[in-house]
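Presented below is the structure to which this report refers.
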Amino acid sequence: MIISTGINELDKMIDGGLRTSYCYAIKGTAGAGKTVLSLFITHGALQKDIPVLFISTEVESDKIVEYGKSFGMDLQSFIKSGQLSVEKMTLKPQGVNLVQTERFDLSGIIARTKAKLQKINAKLVIFDSITAFFAEFQYEKTARSNFMDFIREITNEDTVLIFTAESQVAEEYATLEEFLVDGVIKIRTELKNNQLIKKISVPKLRSAQPTHFENRFIIDKKGVTIFRSEHPPISLIEEEKTGIGRLDELLGGGIPTGSVILIEVDGETNYFPLFLTSMYHHLSENKGVIIHSNVHMYSSKIVEEFKRSKSDITSHLNEGNVVFIDKYNRSVTAVEAREMSQLMTTDDMISVTVELMEAFAQAKQKVVLFGDLTDDANILSESDFLRYFALQSFNIKERRAIAYSFINFNAISREILARLRTTADIIIRFSRVEYNHYIECLKSSTGATFLPKIVKFNDTVPLIEIIG
Ligand SMILES: Nc1ncnc2c1ncn2[C@@H]1O[C@H](COP(=O)(O)OP(=O)(O)OP(=O)(O)O)[C@@H](O)[C@H]1O
Ligand SMILES: [Mg+2]
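Take 2 as the starting number for the sequence shown in our numbering and just add one per residue.
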């Protein structure tokens with residue numbers, strides 16, 4: 002069964018609504034709106050005659066009813082009719098200081114929750130919040146197994162469990178509770194132009210593709226309203242085109258010069274159509290193209306691929322508009338690459354690139370750099386790799402060039418991906434879901450983001466176009 006959250010846009014973000022037997026976490030910074038969102042989900046379910054158990058660990062149950070009243074909800078009447086149960090639960094009785102022991106667990110909480118749940122036959126259980134409980138565990142391992150028990154015991158075929166948890170302002174990585182649940186709804190408050198802006202995203206979802214992008218939302222008397230933002234808030238001053246049909250338009254006119262574009266691809270998606278189309282476009286504008294070759298992206302293959310698409314880049318090659326910084330110049334295995342990478346260090350790569358950039362600048366040509374980072378990410382040590390990417394990005398920005406950096410996001414760690422994302426100005430995700438390929442924009446310097454759009458492939462340039 003699917004239970005609506007009562008918030009239309011949120012239902013869409015979580016693939017139609019809350020699924021029974023699933024457990025969701027609402028994560029948010031302090032005051033972001035975890036309790037308010039939980040209240041609206043509660044109220045939405047009650048109006049559809051779905052019994053709800055609301056457990057509050059922070060405030061007394063009458064305060065929760067009061068809170069609902071401030072939004073015009075009459076929770077008291079649902080309590081009277083036996084459709085709603087609001088309970089306050091704490092781990093330790095008032096005034097008692099629990100000594101941390103190995104045997105400390107959640108079994109008491111689980112038993113109490115189950116009893117309350119059965120009493121009203123609740124289909125939706127909300128636990129606001131679990132943060133205090135987590136803090137009681139000394140070891141992550143014990144916390145994990147206890148919460149797994151909790152989730153297993155409370156969720157069954159026809160219930161949904163939602164718990165809220167506090168997140169830190171700059172939380173880059175998923176925390177323990179996120180690994181345990183089927184879906185994560187993240188909310189946060191951001192200060193922009195002296196205004197508090199609330200944002201909501203769904204970084205994890207088991208039933209469907211998660212929506213990493215953030216939507217703005219507001220809380221007012223009428224409830225929680227989510228705005229889907231697909232349009233760029235600012236237009237560009239100095240822009241370049243990618244040459245990919247509709248992408249520039251979606252990005253707000255193009256990409257600003259000095260941009261580092263991170264293109265995240267899954268292992269199954271061939272990014273060459275995107276890469277070649279963009280490269281062809283930049284060459285047609287007489288730009289200087291530098292290619293950092295690697296196992297996947299090397300000179301003979303690129304020339305071959307252009308031939309196959311019946312596009313001729315010979316004149317650009319002859320005029321020296323395309324320069325390959327070839328470590329390998331042929332297809333090599335990862336093992337060979339590891340050995341050969343010692344031939345040219347990252348410092349060599351950077352200094353050669355800078356020399357080339359200067360030469361192009363003297364010829365009054367703008368520079369575009371292409372490279373596949375995946376192997377470097379695996380061959381180099383994490384710190385060397387991140388230093389390399391940071392230095393290269395610095396050069397791109399400093400010299401008003403453009404870099405397209407491709408990375409297989411399945412082949413690198415979350416931590417590295419998070420660091421790359423911080424440095425990149427634009428993040429494009431290019432991936433396959435069943436038989437379709439999708440492109441989406443997760444971040445851009447214009448503030449533009451867009452939802453996954455289907456891409457179409459052609460035999461000749463442009464090899465890729467966005468449709469839908
Ligand atoms: N009656 C109301 N009308 C409009 N907005 C409200 C109302 N009550 C609360 N809010 C908004 O909701 C926000 C607080 O929401 P909420 O209490 O759900 O936060 P929370 O994430 O649960 O915080 P905490 O970490 O303290 O538990 C406030 O910052 C305010 O913007
Ligand atoms: Mg709260």
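Where a beta carbon is used, it is the ideal one built from N, C-alpha and C, also for glycine.
Apart from the five residues just before and just after Lys288, which ones in its own chain have a Cβ nearer than 7 angstroms to its Cβ? Gln366, Lys367, Val368, Val369
Determine the DSSP secondary structure at Val296, reduced to helix, strand or coil. coil
Chain-order list of residues whose beta-carbon lies under 8 angstroms from that of Lys115 (same chain, five-residue window excluded): Take Lys115, set aside five residues on each side of it, and the residues of its chain with a beta-carbon closer than 8 angstroms to its own are Glu154, Ile155, in chain order.
Do you know offhand how far Lys457's Cα is from Asn271's? Looking at the two C-alpha atoms, the distance is approximately 13 angstroms.
Distance, Cα to Cα, Lys120 vs Lys187? 31 angstroms
Who are the Cβ neighbours of Val261 in its own chain at under 6 angstroms, not counting the five residues just before and after it? Ser394, Ile397, Ala404, Ala425, Asp426
Could you tell me if Ser301 is buried or exposed, where buried requires 16 or more neighbouring beta carbons within 10 angstroms of its beta carbon? exposed
Roughly how many angstroms separate the alpha carbons of Ile3 and Gln169, rounded to a whole number? The alpha-carbon atoms of Ile3 and Gln169 are separated by roughly 30 angstroms.
DSSP state of Pro52 mapped onto helix, strand, coil: Taken through DSSP and simplified to helix, strand or coil, Pro52 comes out as coil.
What is the DSSP secondary structure of Tyr140, counted as helix, strand or coil? coil
Following a CB-centred definition, is Asp50 positioned closer than 7 angstroms to any heavy atom of ligand 4? Absent from the structure shown: ligand 4. Ligands present: ligand 1 and ligand 2.
Taking the alpha carbon of Met350 as the point to measure from, which residue in Phe386, Leu248, His317, Phe361 has its own alpha carbon closest? Phe386
What would DSSP say about Leu206, mapped onto helix, strand or coil? strand
Proximity of Lys222 and Phe55 at Cβ, strictly below 8 angstroms: At a Cβ-Cβ threshold of 8 angstroms, Lys222 and Phe55 do not count as neighbours.
Take Glu466 and list the residues in its own chain whose beta-carbon comes closer than 6 angstroms to its own, dropping the five residues that flank it on each side. Gly246, Lys457
Going by C-alpha distance, which of Ala133, Glu10, Asn122 is nearest Glu167? Ala133
Which residue spans inside the stretch 347 to 421 form an unbroken beta strand (DSSP E) run of at least 3? Taking only runs of at least 3 residues, the beta strand (DSSP E) segments lying wholly in the stretch 347 to 421 are 368 to 373, 403 to 409.
Can you tell me which residues fall inside 7 angstroms of ligand 2, judged by beta-carbon distance to its nearest heavy atom, and keep chain order? What you get when you keep residues with a C-beta closer than 7 angstroms to any heavy atom of ligand 2 is Lys35, Thr36, Glu59, Asp129, Ser130, Thr165.
In angstroms with no decimal places, state the Cα-to-Cα distance between Asp249 and Arg422. Cα to Cα, Asp249 sits roughly 20 angstroms from Arg422.
Would you say the beta carbon of Ser168 is closer than 7 angstroms to some non-hydrogen atom of ligand 1? no
Nearest-angstrom Cβ-Cβ length linking Ile16 and Leu206, presumed shorter than 8 angstroms: The question names Ile, but residue 16 is Asp in the sequence shown. Confirmed, about 6 angstroms.
Local Cβ density within 10 Å of Glu383, reported as buried at 16 or more and exposed below that: The residue in question, Glu383, is exposed, as its Cβ has fewer than 16 Cβ neighbours within 10 Å.
Spell out the partners DSSP gives Asp556 in its beta bridges. As displayed, the chain neither begins before 2 nor continues past 469, which places residue 556 out of reach and without an answer.
N- and C-terminal bounds of the beta strand (DSSP E) containing Lys223: From DSSP, Lys223 is part of no beta strand (DSSP E); its letter is neither H nor E.
Can you tell which of Leu443, Lys28, Ile27 has the C-alpha that lies nearest to the C-alpha of Leu251? Leu443
Does the distance from the C-beta atom of Ile326 to that of Ile292 stay below 8 angstroms? yes
Among Gly448, Ala419, Ile152, whose alpha-carbon lies nearest the alpha-carbon of Val126? Ile152
Below 8 angstroms between beta carbons: does that hold for Leu92 and Glu137? In this structure, the beta-carbon distance from Leu92 to Glu137 falls below 8 angstroms.
Taking just the CA atoms, how far does Ile440 sit from Gly469? 11 angstroms
When you measure from the CB of Asp221 to every non-hydrogen atom of ligand 1, does any distance come out below 7 angstroms? Checking the Cβ of Asp221 against ligand 1 gives yes.
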